[in-house]
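From first to last, the protein sequence lines stand for chains A, B, C and D. My numbering puts the last residue of the first sequence at 220; the count rises by one with no breaks. My numbering puts the last residue of the second sequence at 1220; the count rises by one with no breaks. My numbering puts the last residue of the third sequence at 2228; the count rises by one with no breaks. My numbering puts the last residue of the fourth sequence at 3228; the count rises by one with no breaks.
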Amino acid sequence: MDYTPNKENIAKRIARIFKNGDVVNLGIGLPTLVVDHLPEGVTLILQSENGLMGLGPAPEKGQEDPDMVNAGGAPLSVVPGGCFFDSATSFGIIRGGHVDYTVLGVLEVDQQGNLANYKVPGKMVPGMGGAMDLTIGARVVIAATLHFEPSGASRLKRHCKLPLTAAGEVNYVVTDVGMFEIVGGRFHLLECFAPYTPEWILEKTDAEIHVSTSCKTVSL
Amino acid sequence: MDYTPNKENIAKRIARIFKNGDVVNLGIGLPTLVVDHLPEGVTLILQSENGLMGLGPAPEKGQEDPDMVNAGGAPLSVVPGGCFFDSATSFGIIRGGHVDYTVLGVLEVDQQGNLANYKVPGKMVPGMGGAMDLTIGARVVIAATLHFEPSGASRLKRHCKLPLTAAGEVNYVVTDVGMFEIVGGRFHLLECFAPYTPEWILEKTDAEIHVSTSCKTVSL
Amino acid sequence: MLAKPIISAAEAAGRIKSGDVLMSGGFMGCGAPDTIIRALKAAGTKGLTLISTDTAFHDFKTGRINGIAPLVQDRAFVRIIASHIGLNHETQRQMNAQETEVELVPQGTLAERIRCGGAGIGGFLTPTGLGTEVEEGKQVITVDDRSYLLERPLKADVAIIKAKKADKAGNLIYAGTARNFNPLMATAAELVIAEVEEIVEIGEIDPNQVHTPSIFVDCLVRSETQES
Amino acid sequence: MLAKPIISAAEAAGRIKSGDVLMSGGFMGCGAPDTIIRALKAAGTKGLTLISTDTAFHDFKTGRINGIAPLVQDRAFVRIIASHIGLNHETQRQMNAQETEVELVPQGTLAERIRCGGAGIGGFLTPTGLGTEVEEGKQVITVDDRSYLLERPLKADVAIIKAKKADKAGNLIYAGTARNFNPLMATAAELVIAEVEEIVEIGEIDPNQVHTPSIFVDCLVRSETQES
Chain A
1 MDYTPNKENI AKRIARIFKN GDVVNLGIGL PTLVVDHLPE GVTLILQSEN GLMGLGPAPE
61 KGQEDPDMVN AGGAPLSVVP GGCFFDSATS FGIIRGGHVD YTVLGVLEVD QQGNLANYKV
121 PGKMVPGMGG AMDLTIGARV VIAATLHFEP SGASRLKRHC KLPLTAAGEV NYVVTDVGMF
181 EIVGGRFHLL ECFAPYTPEW ILEKTDAEIH VSTSCKTVSL
Chain B
1001 MDYTPNKENI AKRIARIFKN GDVVNLGIGL PTLVVDHLPE GVTLILQSEN GLMGLGPAPE
1061 KGQEDPDMVN AGGAPLSVVP GGCFFDSATS FGIIRGGHVD YTVLGVLEVD QQGNLANYKV
1121 PGKMVPGMGG AMDLTIGARV VIAATLHFEP SGASRLKRHC KLPLTAAGEV NYVVTDVGMF
1181 EIVGGRFHLL ECFAPYTPEW ILEKTDAEIH VSTSCKTVSL
Chain C
2001 MLAKPIISAA EAAGRIKSGD VLMSGGFMGC GAPDTIIRAL KAAGTKGLTL ISTDTAFHDF
2061 KTGRINGIAP LVQDRAFVRI IASHIGLNHE TQRQMNAQET EVELVPQGTL AERIRCGGAG
2121 IGGFLTPTGL GTEVEEGKQV ITVDDRSYLL ERPLKADVAI IKAKKADKAG NLIYAGTARN
2181 FNPLMATAAE LVIAEVEEIV EIGEIDPNQV HTPSIFVDCL VRSETQES
Chain D
3001 MLAKPIISAA EAAGRIKSGD VLMSGGFMGC GAPDTIIRAL KAAGTKGLTL ISTDTAFHDF
3061 KTGRINGIAP LVQDRAFVRI IASHIGLNHE TQRQMNAQET EVELVPQGTL AERIRCGGAG
3121 IGGFLTPTGL GTEVEEGKQV ITVDDRSYLL ERPLKADVAI IKAKKADKAG NLIYAGTARN
3181 FNPLMATAAE LVIAEVEEIV EIGEIDPNQV HTPSIFVDCL VRSETQES
């Protein structure tokens, strides 16, 4: 079976996880694609860690307000009923468990629920920003990632080798081949995304994966 | 020499301590008398620990706003340029050293700078309210008290016997007979208030008092 | 933003169960959720633990009673955590008679403990209370040669709070010193019920001027002026 | 309330001395005190320690540079404490070349450390960073069977912050996400200089809507739009 990277499918599947009114913080990059795939009737309350509840769509050209940016420094809008706050309040909201879900990018994620996504020593040291607090604080942590590195190695690992963003905090991993839950020190395959099969995923992934008895194949 | 309790003199002397623009928290009771005696040209920024900077005079009858009370629950007004905040912010201001002076009432104060003013075990247990934070947090702590208990004993002690509000935090004690600084484990008499004399104060007070070389007699 | 349910005070009271830890906003009665307190009194719920900065006024001489005091009077609380009870004669009576357990906490420490409960902070170091009875049973931690008490977070099952104005999403604005502990308690309870004087449409509150973000508020109750 | 001095950006820059610990508000340049930063660049002050959530944008490819980045470019800082430097190529270059010491702190921890510095709190317990490199050299404290890192307060000699509006007393109002670290830094420095776009008379700001109380602000600087 051929593998073609497919970020869109990751976003599509994650978008189906939420229910109307969930408070969600989406990391910069892949995670932000999620909003384009929300089912009819599901509106999320998007938190941005730089001090906003109620992130709206990007403003039209010429409508940007220099006093309104998202956590990546890009212009934003606020939905009616949104509000602004300072960074201590923002992380009180995050650390205090008031964010239902966070969706974060991945360099490595392992079967203990460890996440590495902020640093490649000697190569890329951007800093953790809010990622450590989000991973610890959000009620449910979803790691969103292409299943494979460019080298062909799986990003799902037995043990992360890169410096950790947080230890044992990831609940779900959604890749472009399937959706996994992490419980009891292993990945549980909940869904595989057509055309991939559980057998293929197990073969290609160097990590302990239990195929859930209720595992389904889903076409996204 | 006869002793007649005189709260007014305490307030008068304390009022002369401040300079224009000092941030001050005045305890309920005797300390609030201070504002009536401020010298010309001295305006204080009064903080109230229940969430206000810029306490103004009591409103006229009929002008009371139920949403505006001081720390004793009495109606207040706010001066132009004042502002309101929550109790965590209020005590951040206090604990963080942003209040220049606090003036607090006294049950006992001793030569180590210990203050007892919130509890008489088995008799009166109102709770410390904000007094412990104020005593620890304000840059300068002024204890304001009649010099003598009704029994005739001095409120200035060698060692407080009542439960402490704070240990070693009092800087000045202003009574109706004199003004004392606490340094190095003893009271230093800075001023005595006519008609009282240093000799009389030393005789009547069971505590170690050093008469400052610059001690003056002041008529209030 | 989704609208929050607007419920009656009686419904709100019905969601508070015996055994619950209850936070109530208000400072000497100012900013207390009086409408919900009256409904809770009518419901007759007992066995609660109260967290509140004080127990408001209850003066045996003048008969003045306000804020949370009517619930103290009814013995709704088996335990009270507060910073000050000096102007509530009944709370003092119950404490001295050992009818109600009263734990006194310095006001700044109480505020910060509630904030920590809401902000996922496991504890904080404060100099307040060092060398006093407040120190008893607490860990003393020294940082840079200065000693502090380790104080721990407080959380509640239910917080009843009072704001001046809400939008239908539950964003809140407080007025004057009625703010006090209300915004802190809004962050630190499983269920947060906000009593408000005015409810406006979503979008009518300036997003820069919100004191309590809507996500903290579970439902709204309209204030009712007490009939005398 | 007394009026605070309104000073020029150059005067403000003159009050920042080599060796100072400097806090600067702003998040990816949004809400940064650009006028003061330009004056500080012109003054050429070096040897500073910077505390800031990030070092804004400095893109070697596009040439985009904003916020605090021009001072990083001039090597004004010997040490930088920040949560994120990923969009400033020059900060990364200086760090990798060991020209500038960079300490990375989780953003929520950084915010709370500054708040603690301003609020007289000696430290706080956070789960953030447990089991990561952030844990190194820190005390782990267990409360109720849960482990936390003990994080310590941060203070500065000078904070330069940016607000939308001030009254002459120094009460501040921020706009949008330009608020970020500004109100926290206002509480945690010996000298607080606030750059503002608009200055109104004392009494013109609703006391319920003040974000930073005037007592935190030492002087005001008017924002100047950069000439290009």
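Even glycine gets a Cβ: it sits at the ideal position worked out from N, Cα and C.
Its Cα nearest to that of D:N3180, the residue D:A3111 stands out among D:L3130, D:T3100, D:A3111 and D:T3128.
Ranked by Cα distance from D:Q3139, the first of D:K3162, D:A3013, D:A3010 and D:Y3148 is D:Y3148.
Boundaries around A:I10 are those of the alpha helix (DSSP H), K7 to A15, since no beta strand (DSSP E) includes it. Cα atoms of B:S1154 and B:K1204: separation of roughly 7 Å, rounded to the nearest angstrom. Among the CB atoms of chain D, none fall inside 7 Å of the CB of B:F1018. Here C:V2021 has T2049, A2156 and D2157 as same chain residues with Cβ atoms under 6 Å from its own Cβ, once five neighbours each way along the sequence are excluded. The stretch 2014–2040 of chain C is shown to contain whole beta strand (DSSP E) runs of 3 or more residues at 2021–2024, in chain order. Taking the Cα of D:H3084 as reference, the smallest distance to any Cα among D:H3058, D:A3097, D:G3063 and D:T3062 is reached at D:H3058. For the pair D:G3014 and D:A3043, the Cα-to-Cα distance works out to about 7 Å. Of the candidates C:Q2209, C:I2205, C:L2220 and C:H2211, C:I2205 places its Cα closest to the Cα of A:P80. For B:G1021, the CB contacts under 8 Å within the same chain, skipping 5 residues up- and downstream, are T1043, L1044 and I1045 in chain order.
For C:N2171, the closest Cβ of chain B is not nearer than 7 Å.
A:M53: member of the beta strand (DSSP E) spanning L52 to G56, first to last residue. With the criterion set as a beta carbon lying under 8 Å from some beta carbon of chain D, the members of the stretch 2120–2131 of chain C are G2120, I2121, G2122, G2123, F2124, L2125, T2126 and P2127, in sequence order.
A:I182 and C:K2168 have their C-alpha atoms spaced approximately 38 Å apart. Residue environment analysis places B:E1191 among the buried positions, since at least 16 neighbouring C-beta atoms fall within 10 angstroms of its C-beta.
The beta carbon of B:M1053 sits no closer than 7 Å to any beta carbon of chain C. One Cα belongs to A:L115, the other to A:V170, and the distance between them is close to 7 Å. A:T217 is classed as exposed because its beta carbon has fewer than 16 other beta carbons within 10 Å across all chains shown.
The stretch 1066–1077 of chain B makes contact with the stretch 2024–2040 of chain C; the number of CB pairs closer than 8 Å reaches 3 or more. Shortest Cα-Cα distance from D:F3216 to any of D:L3087, D:R3115, D:Q3094 and D:F3060 involves D:R3115.
CA-to-CA, the gap between B:A1166 and D:P3033 works out to about 40 Å.
Taking each of D:L3154, D:H3089 and D:E3136 in turn and checking the Cα distance to A:M124, the smallest one comes out for D:H3089. Annotation: Cβ neighbours of B:V1078 in chain D (cutoff 9 Å, chain order): P3207.
Here B:D1110 is buried. Its C-beta has 16 or more other C-beta atoms within 10 Å. The beta carbon of A:L107 lies closer than 6 Å to those of A116, N117 and L162 in the same chain, with the five residues before and after it left out.
From the listed residues A:A131, A:P150 and A:E208, the smallest Cα separation to A:I142 is found for A:A131.
Of all residues in the stretch 68–95 of chain A, only M68, V69, N70, A71, G72, G73, A74, L76, V78, F84, F85, D86, S87, A88, T89, S90, F91, G92, I94 and R95 come within less than 9 Å of chain D when Cβ atoms are compared, listed by chain position. For the 7 Å CB-CB criterion, C:L2154 and C:R2113 form a contact.
Residues of the stretch 28–50 of chain A whose Cβ lies closer than 9 Å to any Cβ of chain C, in chain order: T43, I45 and Q47. Taken through DSSP and simplified to helix, strand or coil, B:Q1063 comes out as coil. In summary, D:Q3098 is exposed, with fewer than 16 beta-carbon neighbours lying within 10 Å of its beta-carbon over all protein chains present.
At least one C-beta of chain B is nearer than 7 Å to the C-beta of D:P3213.
Under the criterion of beta carbons closer than 8 Å, D:L3220 and D:A3194 qualify as touching, at roughly 6 Å. In this structure, A:N25 lies near A:V99, with their beta-carbon atoms less than 7 Å apart. About 4 Å separates the Cβ atoms of C:G2170 and C:S2214, confirming a contact at the 8 Å cut-off.
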